[in-house]
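Residue numbers (the numbering used here), protein chains in the order written: chain U, 28 to 142; chain R, 626 to 735.
Where is the CB? At the ideal position from N, CA and C, for every residue including glycine.
Here's the structure, in structure tokens; my notes come after.
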Amino acid sequence: NAGVTQTPKFQVLKTGQSMTLQCAQDMNHEYMSWYRQDPGMGLRLIHYSVGAGITDQGEVPNGYNVSRSTTEDFPLRLLSAAPSQTSVYFCASSYRTPSAYNEQFFGPGTRLTVL
Amino acid sequence: SQELEQSPQSLIVQEGKNLTINCTSSKTLYGLYWYKQKYGEGLIFLMMLQKGGEEKSHEKITAKLDEKKQQSSLHITASQPSHAGIYLCGADMGTDKLIFGTGTRLQVFP
């Protein structure tokens, strides 16, 4: 199993550009989520999905869109990049929701810089 | 998240010393997860706790969830340079979300 994979590893954007961060898992996990990590802020939840076709907002959803058309993939879209979105983005997945008491598996992260 | 506070924010210890990191919630914790992150890398799962008073250990790391289920502590015995990194607690507060604390940066010097 490849686990949770994220592409790209690094990305530089100009303000106003759009892009999609890719996340895929091959563990047949129902639950997937996106976090951003800023210095001194820990991880903040952007969006999450409890299954294909179902998504919901986390703590900091503004400026980001998600969709979950398949169990395996959970892409994160930046509609119009802003310097405030410069961060490291982590995708995570688990068999069920966190309330089901199960381990979250994290991808290696995407380091995004918006100029 | 302000709902979940970690302390201290940063810790520098000499190799061989014991240390404790705390994770305090403003709400009841239905599940508490501890992760470690090496600088510039992804998160490594350490352990998860669910029941009040529960304690788990892995090698020299012990974590406990208090009886009231609003605080967890992570204790490292005889720290080593390999323990250096960022420790993050993640909490299930009865929703479908896993909310993380701000992290504790640990440095261990010889």
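Spatial distance of residue i from residue j (CA atoms)
i: I636 of chain R; j: Y658 of chain R; result: At residue 636 of chain R the sequence reads Leu, which differs from the Ile that was named. Straight-line Cα distance between these residues: approximately 20 Å.
i: A108 of chain U; j: S114 of chain U; result: 12 Å
i: G710 of chain R; j: S126 of chain U; result: 27 Å
i: A688 of chain R; j: S697 of chain R; result: 7 Å
i: L105 of chain U; j: I669 of chain R; result: 27 Å
i: L644 of chain R; j: K685 of chain R; result: 11 Å
i: D83 of chain U; j: N55 of chain U; result: 19 Å
i: W61 of chain U; j: A51 of chain U; result: 12 Å
Chain-ordered chain R contacts of residue i [CB-CB under 7 Å]
i: T77 of chain U; result: The identity of residue 77 of chain U in the sequence shown is Val, whereas the question assumes Thr. Going along chain R in sequence order, the residues near V77 of chain U (Cβ under 7 Å) are D721.
Residues near residue i in its chain [Cβ-Cβ closer than 6 Å; skip 5 each side]
i: K41 of chain U; result: L142
i: P102 of chain U; result: T47, Q49
Close Cβ partners of residue i (< 7 Å) along its chain, the five nearest in sequence each way excluded
i: F37 of chain U; result: R138
i: K663 of chain R; result: G710
CA nearest to the CA of residue i, picked from the options
i: L654 of chain R; options: R:V638, R:F725, R:P735; result: R:F725
i: Q144 of chain U; options: U:D83, U:G30, U:A29, U:L48; result: Because chain U spans 28 through 142 in this model, residue 144 of chain U falls outside it and cannot be assessed.
i: P110 of chain U; options: U:F132, U:P35, U:D65; result: U:D65
i: M59 of chain U; options: R:P633, R:K722, R:T702; result: R:K722
i: S96 of chain U; options: U:E130, U:V77, U:A119; result: U:V77
i: G656 of chain R; options: R:Q639, R:H700, R:K693; result: R:K693
i: I701 of chain R; options: R:K652, R:V733, R:T727, R:E679; result: R:V733
Beta-bridge partners of residue i, as assigned by DSSP
i: Y712 of chain R; result: R:K661, R:T729
i: G78 of chain U; result: U:I81
i: N647 of chain R; result: R:S632, R:S698
i: N92 of chain U; result: U:R104
i: H56 of chain U; result: For H56 of chain U, which the question treats as bridged, DSSP gives no partner whatsoever.
Residue i: contacting residues in chain R (beta-carbon distance under 9 Å)
i: Y128 of chain U; result: Y655, G656, M673, Q675, D717
i: F117 of chain U; result: G667, L668
Under 8 Å from the C-beta of residue i: neighbouring residues of chain U
i: L713 of chain R; result: G69, L70
Partner residues on chain U for residue i, Cβ-Cβ distance less than 7 Å
i: I803 of chain R; result: With chain R covering only 626 through 735, there is no way to say anything about residue 803 of chain R.
Cutoff 8 Å; reference residue i; Cβ partners in own chain excluding five residues on either side
i: Q675 of chain R; result: Y655, G656, L657, L690
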